[in-house]
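Colleague:
Residue numbers (my numbering): 541 to 642.
#1: Quick one: what does DSSP say residue 595 is sitting in, helix, strand or coil?
#2: Applying the criterion that 16 or more other CB atoms from any shown protein chain within 10 Å of the CB defines a buried residue, is residue 640 buried or exposed?
#3: What did DSSP end up calling residue 547 once you bin it into helix, strand or coil?
#4: Identify which residue in 630, 585, 556, 562 has its Cα closest to the Cα of residue 604.
#5: Kindly indicate which three-state DSSP category residue 585 falls into: helix, strand or coil?
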C-alpha cells in the first residue's frame, strides 16, 4: 500500500515513507536539494526532484525519475540495480548521488 507524502518546511520530499512505486519495491532512493534538468528521448526537458531504484520481485529493476509531486516523469528498465545507478550517474553528471537504502 502506498503511503501519502508530505512536504516539510524546506519543501523536501519524503521518499523514505514509500515502500513501493508502480508495484515495485523501493531498494534505493535519492532526493536532489535543487531540481535537476534532464531531457527525455524526445528532447523534452524535465525538472527531476528525486530518483528511486525499484525491483519487481527479482524480475526487473526500474529507475524512476520524479517531479515535485512525486509523479513518475521518466522510467527505465534494467536487469540489475547497478545498471540503474550507472544510468542515473550518466544523466546527472557532476552530481555525487548518495543513494539511501530502504
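Think of the CB as a built atom: it goes at the ideal place given N, C-alpha and C, for glycine as much as any other residue.
Model, not experiment: these values are computed from the prediction.
Modeller: Let me spell this out:
#1: Within the chain shown, the letter at position 55 stands for residue 595. Reduced to three states, the DSSP call for residue 595 is strand.
#2: To locate residue 640, count along the chain shown from 1; it is residue 100. Looking at its Cβ environment, which holds fewer than 16 other Cβ atoms inside 10 Å, residue 640 is exposed.
#3: In the chain shown, residue 547 corresponds to position 7, counting from 1. In this prediction, residue 547 has a pLDDT of 37, which is less than 50 and means its spatial position is unreliable; nothing more can be read from the coordinates.
#4: If you number the chain shown from 1, residue 604 lands on position 64. Nearest Cα to residue 604 within the set 630, 585, 556, 562: 562.
#5: Numbered from 1 along the chain shown, position 45 holds the residue referred to as residue 585. The three-state secondary structure of residue 585, taken from DSSP, is strand.
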